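*Asks:*
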Amino acid sequence: MNSCLLALAWVLASVGVEASGKATIRIGDKFPNLAEFGLEGDLPALAKGKLVIVDFWASWCGPCRGTFPLMESLHRRWGKQGLVIVAVNEDKSQVAETEFLKQHPVTFTVVRDPRKKLAAAVNVPILPCSYILDSNGKVLSIQSGERTMENRAVFVKRVEELLAQQSLSKQ
Amino acid sequence: MKTALSRIALLGFLVLAPGCVNVQPWDRDALAKDAMKPERDPVTLAVREHLWFSREAANGGRTVGGGGCGCN
Chain A
9 MNSCLLALAW VLASVGVEAS GKATIRIGDK FPNLAEFGLE GDLPALAKGK LVIVDFWASW
69 CGPCRGTFPL MESLHRRWGK QGLVIVAVNE DKSQVAETEF LKQHPVTFTV VRDPRKKLAA
129 AVNVPILPCS YILDSNGKVL SIQSGERTME NRAVFVKRVE ELLAQQSLSK Q
Chain B
8 MKTALSRIAL LGFLVLAPGC VNVQPWDRDA LAKDAMKPER DPVTLAVREH LWFSREAANG
68 GRTVGGGGCG CN
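Residue numbers (this note's numbering), protein chains in the order written: chain A, 9 to 179; chain B, 8 to 79.
1) Label leucine 82 of chain A either buried or exposed according to how many other C-beta atoms from any shown protein chain fall within 10 Å of its C-beta, with 16 as the threshold for buried.
2) Judging by CA-CA distance, which residue of B:Ile15, B:Val30, B:Arg55, B:Glu46 is the nearest neighbour of isoleucine 134 of chain A?
3) Where does valine 243 of chain A fall in DSSP's three states?
4) Do you know offhand how far alanine 129 of chain A's Cα is from glutamate 46 of chain B's?
5) In terms of alpha-carbon separation, which member of A:Pro40, A:Ile35, A:Thr75 lies closest to alanine 161 of chain A?
6) Could you check how far apart the C-beta atoms of isoleucine 33 of chain A and asparagine 131 of chain A are, in whole angstroms? I think they sit under 8 Å.
7) Determine which residues of the stretch 21 to 47 of chain B have a Cβ less than 8 Å from any Cβ of chain A, and write them out in chain order.
8) Provide the residue(s) that pair with alanine 99 of chain B in DSSP beta bridges, ordered along the chain.
9) Going along chain B in order, which residues have a C-beta closer than 8 Å to the C-beta of proline 133 of chain A?
10) Could you check whether the stretch 167 to 175 of chain A touches the stretch 83 to 94 of chain A, counting it as contact only if at least three pairs of C-beta atoms, one from each stretch, sit closer than 8 Å?
11) From the DSSP output, in three-state form, read off asparagine 97 of chain A for me.
12) Any beta-carbon of chain B closer than 8 Å to the one on lysine 125 of chain A?
13) Within 10 angstroms of its Cβ, does methionine 43 of chain B collect 16 or more other Cβ (buried), or is it exposed?
14) Determine, using beta carbons only, whether cysteine 69 of chain A comes closer than 8 Å to chain B.
15) Is any beta-carbon of chain B found at less than 8 Å from that of glutamate 154 of chain A?
16) Return helix, strand or coil for isoleucine 150 of chain A, following the three-state DSSP convention.
17) Quick one: is alanine 95 of chain A near chain B, going by C-beta distance under 8 Å?
18) Got a sec? Which residues, its chain only, sit under 6 Å from leucine 52 of chain B by beta carbon, not counting five neighbours each side?
19) Quick one: which chain B residues come within Cβ less than 9 Å of glutamate 98 of chain A?
20) For alanine 66 of chain A, would you say it is in contact with chain B, using Cβ-to-Cβ distances shorter than 8 Å as the test?
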């Protein structure tokens with residue numbers, strides 16, 4: 009009986025350690041410095057007053073494909089007003105990423121996280137996942153999962169509001 | 008003999024059970040492949056769903072619970 013209880017405790021403890029993992033980044037937290045994770049690709053310079061969207065995606069992820077046109081439209085609309093988009097690719101193969109980008113060319117920055125270090129550090133809860141940051145790296149907003157008509161409109165409105173706030177703080 | 012077998016079974020359980028892991032979202036590329044879908048043909052799925060709710064008189068068929076009125 010005792011050995012059974014011991015075995016159960018061992019299994020629960022092991023599963024608990026696995027499940028607890030690392031804390032997920034939340035609104036108000038400092039986002040990890042992108043330059044420290046060996047990302048493949050050039051990162052944009054971040055000046056004061058910029059609003060940054062870090063979007064985690066992969067070519068095999070259906071909802072991520074739906075996010076790309078939205079990001080592209082946001083970048084075209086507000087890129088000159090200080091919106092910076094960094095799409096972080098989580099594909100295992102660079103070929104998959106390249107093929108996808110050939111079919112869906114974009115004007116914003118796309119980098120690759122080859123060893124998944126950034127995704128693990130952020131503990132991305134689901135793909136796609138977009139973190140909106142100020143130029144100091146503070147997380148202002150998070151949107152994850154598929155972009156439906158409703159949450160897409162909410163996301164665009166949020167970006168617009170935060171961009172206006174960032175522009176005011178720059179002045 | 009019975010005790011030895013149960014001890015071996017317990018040992019196997021202890022070794023294997025902690026091996027259960029959560030697949031991280033960024034590692035789910037293999038799981039996202041079409042071959043991993045339990046039902047790959049949407050037409051077959053629709054037919055099966057229709058047959059299911061017609062037979063069972065349950066709205067929504069296999070996956071969604073209903074009142075059982077069979078009215079659709």
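Just so it is clear, CB atoms sit at the ideal spot from N, CA and C, and this is done for glycine as well.
Predicted model, so just to flag it, every value in this text is computed and none were measured.
*Replies:* On the basis of the supplied data:
1) Taking the first sequence and counting its residues from 1, the one referred to as residue 82 of chain A is at position 74. Answer is buried; the Cβ neighbour count reaches 16.
2) Within the first sequence, residue 134 of chain A is the residue found at index 126, counting from 1. Checked all of B:Ile15, B:Val30, B:Arg55, B:Glu46; the closest Cα to isoleucine 134 of chain A is B:Val30.
3) Past the boundaries of the shown model lies residue 243 of chain A; chain A is included only from 9 to 179, so the question cannot be answered.
4) Mapped onto the first sequence, residue 129 of chain A falls at position 121. Mapped onto the second sequence, residue 46 of chain B falls at position 39. Approximately 35 Å between the Cα atoms of the pair.
5) Translated into the one-based positions of the first sequence, residue 161 of chain A becomes position 153. Of the candidates A:Pro40, A:Ile35, A:Thr75, the residue whose Cα lies closest to the Cα of alanine 161 of chain A is A:Thr75.
6) Reading the first sequence from its first residue, position 25 is the one you call residue 33 of chain A. Reading the first sequence from its first residue, position 123 is the one you call residue 131 of chain A. About 7 Å; that satisfies the 8 Å criterion.
7) Leu21, Ala24, Pro25, Cys27, Val28, Asn29, Gln31, Pro32, Trp33, Asp34, Arg35, Asp36, Ala39, Lys40
8) This structure cannot speak to residue 99 of chain B, because chain B is shown only from 8 to 79.
9) Walking along the first sequence from the start, residue 133 of chain A turns up at place 125. Result: Pro32.
10) When Cβ pairs closer than 8 Å are counted between the two stretches, the stretch 167 to 175 of chain A is seen to touch the stretch 83 to 94 of chain A, the count reaching three or more.
11) To locate residue 97 of chain A, count along the first sequence from 1; it is residue 89. The answer is strand: DSSP assigns asparagine 97 of chain A an E or B state.
12) Working through the first sequence from its first residue, we reach residue 125 of chain A at position 117. Output row for lysine 125 of chain A: interface = no.
13) Stepping through the second sequence from its first residue, residue 43 of chain B is reached at position 36. Classification for methionine 43 of chain B: exposed.
14) Numbered from its first residue, the first sequence carries residue 69 of chain A at position 61. It does: the Cβ of cysteine 69 of chain A has a partner Cβ on chain B nearer than 8 Å.
15) For this step, residue 154 of chain A is matched to residue 146 along the first sequence. The beta carbon of glutamate 154 of chain A sits no closer than 8 Å to any beta carbon of chain B.
16) Position 142 of the first sequence, counting from 1, holds the residue named residue 150 of chain A. If DSSP states are grouped into helix, strand and coil, isoleucine 150 of chain A belongs with the strands.
17) Position 87 of the first sequence, counting from 1, holds the residue named residue 95 of chain A. No, alanine 95 of chain A lies away from the interface with chain B (no Cβ there is under 8 Å from its Cβ).
18) Taking the first residue of the second sequence as 1, we reach residue 52 of chain B at position 45. Correct list, in chain order: Glu46.
19) What you label residue 98 of chain A is simply residue 90 of the first sequence in a count that begins at 1. Those within 9 Å of glutamate 98 of chain A in chain B are Pro32, Trp33, Asp34, Asp36.
20) Position 58 of the first sequence holds residue 66 of chain A. It does; some Cβ of chain B falls within 8 Å.
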